[in-house]
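Read through the structure below, which is laid out as structure tokens, and then see the notes.
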Amino acid sequence: MTEPRDALIVIDIQNDFCPGGALAVAGGDEILPQVNAMMGQFPVRVLTQDWHPENHSSFAANHQGAEPFSEIDMPYGKQTLWPVHCVQGSEGADFHTALDVERADLILRKGFRAPIDSYSAFFENDHETQTGLAGYLRDRGVTRLTFVGLALDYCVAWSAMDAAKLGFEVRVLESACRAIDLNGSLDAARAAMLAAGVTLEA
Ligand code: VGL
Ligand code: ZN
Numbered sequence: 001m002t003e004p005r006d007a008l009i010v011i012d013i014q015n016d017f018c019p020g021g022a023l024a025v026a027g028g029d030e031i032l033p034q035v036n037a038m039m040g041q042f043p044v045r046v047l048t049q050d051w052h053p054e055n056h057s058s059f060a061a062n063h064q065g066a067e068p069f070s071e072i073d074m075p076y077g078k079q080t081l082w083p084v085h086c087v088q089g090s091e092g093a094d095f096h097t098a099l100d101v102e103r104a105d106l107i108l109r110k111g112f113r114a115p116i117d118s119y120s121a122f123f124e125n126d127h128e129t130q131t132g133l134a135g136y137l138r139d140r141g142v143t144r145l146t147f148v149g150l151a152l153d154y155c156v157a158w159s160a161m162d163a164a165k166l167g168f169e170v171r172v173l174e175s176a177c178r179a180i181d182l183n184g185s186l187d188a189a190r191a192a193m194l195a196a197g198v199t200l201e202a
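Quick note on full-length UniProt numbering: the sequence shown kicks off at 1 and runs consecutively.
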């Protein structure tokens with residue numbers, strides 16, 4: 001049973017992360033019925049939206065000779081380079097049409113600064129720059145978070161770990177997530193989430 005202190009955080013269910021999209025996650029659209037049903041069960045519902053400018057530094061296309069899915073050193077640490085995805089205002093950045101966007105209390109956009117990526121809904125990839133989501137949730141009296149969405153091993157995992165570090169009680173519902181699974185990233189993300197005190201639920 002959910003209580004007033006519970007929030008559902010729905011991560012990046014956007015066209016580019018669904019089959020046919022620029023950074024498609026296998027089966028990404030399969031989670032929609034479950035996610036929509038859950039939106040009706042939580043008193044606080046937040047959607048996140050990956051929202052990059054065209055010149056974003058996480059795009060391989062913006063680094064000469066770099067291949068998508070390679071890794072580079074950025075001032076804030078290692079960064080995977082991705083295909084161009086979720087460009088602000090593009091169809092790929094839109095939420096999947098089947099997502100029940102009307103039920104959202106808050107839509108939080110992230111990754112909008114060209115020099116820095118933001119997997120997490122709480123901190124950009126420097127682990128320092130805040131998005132404002134923690135303050136929003138605290139102001140609403142939320143202490144428990146359930147995460148669903150895409151991708152389990154990147155934006156869901158980083159968001160869940162930051163939330164746990166910030167003192168929220170955190171659960172990730174894996175059946176309502178799908179993963180990219182790049183070079184063992186899924187196993188690594190699961191281990192890191194467990195170490196951070198996140199509850200993983202099948
Ligand atoms: C994501 C890679 C790049 C995600 C976003 O939503 O997991 N992954 N941008
Ligand atoms: Zn992105």
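Backbone N, C-alpha and C define an ideal beta-carbon position, used for all residues, glycine too.
- Taking one beta carbon from each stretch, the segment 114 to 134 and the segment 93 to 100 have fewer than 3 pairs nearer than 8 Å; the two do not touch.
- Residue nearest to Arg144 within the set Val84, Val170, Ala189 is Val170 (criterion: CA-CA distance).
- Secondary structure note for Leu23: it is in no alpha helix (DSSP H), with a DSSP letter that is neither H nor E.
- Look at Ala164: its beta carbon is at least 7 Å from all of the heavy atoms in the ligand VGL.
- Shown here, Trp158 sits in a helix according to DSSP, grouped into three states.
- In the three-state scheme derived from DSSP, where H, G and I count as helix and E and B as strand, Arg178 is classed as strand.
- Secondary structure at Met74: strand, using DSSP grouped into helix, strand and coil.
- Secondary structure note for Leu106: its beta strand (DSSP E) is the uninterrupted segment 106 to 110.
- Per DSSP, Asp139 lies in no beta strand (DSSP E) segment; the continuous alpha helix (DSSP H) that holds it begins and ends at 133 to 139.
- In this structure, Gly65 has its beta carbon at no less than 7 Å from each heavy atom of the ligand ZN.
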